[in-house]
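Down below is the structure, laid out as structure tokens.
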Amino acid sequence: MTNVTFYLLPPENSSQETTIKDKLIYYLAHTNWCTGKRILISCPSEKEAVKIDQALWNQPTYSFVPHNLAQQGPSYGAPIEITWSNQVFTGPRNLLINLLPYLINSFSEFLEIIDFAPNEQPWKQLARNRYKKYQSLGYQIDIQKIRSEHI
């Protein structure tokens with residue numbers, strides 16, 4: 001059975017260069033990779049994918065995670081692969097970190113999905129729609145409320 005974890009995000013402070021969501025993505029990628037999971041981070045755009053790629057490269061050495069953008073890196077794919085619309089990912093993955101406002105076509109192939117519910121509209125409503133879809137499929141859903149002091 002697929003497990004879904006929804007992270008309820010606090011309102012963003014537009015003056016911050018790195019958002020709470022960004023920090024959470026890096027943390028989740030690192031901690032899940034450390035447990036041996038193969039991860040797909042699905043982004044809304046190539047620009048967003050490159051931003052995450054660069055941020056992962058800029059993490060401290062002790063928290064480095066092997067990753068690559070779609071269509072780059074080894075043919076079998078790095079443990080963490082970052083894709084965007086219309087990009088094919090390599091090989092099987094256990095975990096999907098969904099940054100899209102919708103579900104990717106292959107979402108049912110994953111044993112675990114991490115998704116986010118921003119506090120701002122219309123993103124909040126789109127997250128509710130994804131939640132309802134997961135629920136209608138009988139997926140096990142866990143909700144984690146994130147406070148800005150947690151990150």
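The sequence shown begins at 1 in full-length UniProt numbering and counts up by one. For every residue, glycine included, the Cβ atom is placed at its ideal position computed from N, Cα and C.
* Asked: Using the rule of at least 16 other Cβ atoms within 10 Å of the residue's Cβ for burial, across every protein chain shown, is GLY91 buried or exposed?
  -> exposed
* Give the C-beta separation of ILE20 and ASP53 to the nearest angstrom, bearing in mind that I take them to be a contact with Cβ-Cβ under 8 angstroms. => With a Cβ gap of about 19 angstroms, ILE20 and ASP53 do not count as contacting.
* **Whole-number beta carbon distance between ASN98 and TYR115, since they are thought to touch under 8 angstroms** => What sits at residue 115 in the sequence shown is Asp, not Tyr. Yes, ASP115 and ASN98 are in contact; Cβ-Cβ is about 5 angstroms, under 8 angstroms.
* The beta strand (DSSP E) enclosing ILE41, as first and last residue numbers -> 39 to 43
* Applying the criterion that 16 or more other CB atoms from any shown protein chain within 10 Å of the CB defines a buried residue, is GLY36 buried or exposed? -> exposed
* Asked: For the region 61 to 136, which segments carrying the beta strand (DSSP E) assignment without a break, of at least 3 residues, lie completely within its bounds, in sequence order?
  -> 67 to 69, 80 to 84, 95 to 98, 112 to 117
* Asked: ILE113 and ILE80: beta carbons closer than 7 angstroms?
  -> no
* Can you name the residues that DSSP bridges to GLN140? -> ASN3
* Closest by CA to ALA78, which one among TRP84, THR2, ALA70? -> ALA70
* Asked: Can you give the Cα-Cα distance for GLN9 and GLU48, rounded to whole angstroms?
  -> Here residue 9 turns out to be Leu, not Gln, going by the sequence shown. Approximately 18 angstroms between the Cα atoms of the pair.
* **8 angstroms contact criterion, which GLU109 and TRP84 should meet: CB distance rounded** => With 8 angstroms as the limit, GLU109 and TRP84 do not qualify as a contact, their Cβ atoms being about 18 angstroms apart.
* Residues that DSSP places opposite LYS145 in a beta bridge -> LEU8
* Under 8 angstroms Cβ to Cβ from GLN144, same chain only, skipping five residues before and after it: list those, please. => THR5, PHE6, TYR7, LEU8
* Spatial neighbours of PRO11 within its chain, please: CB distance less than 8 angstroms, with the 5 preceding and 5 following residues excluded, ordered by chain position. => ASN119, GLU120
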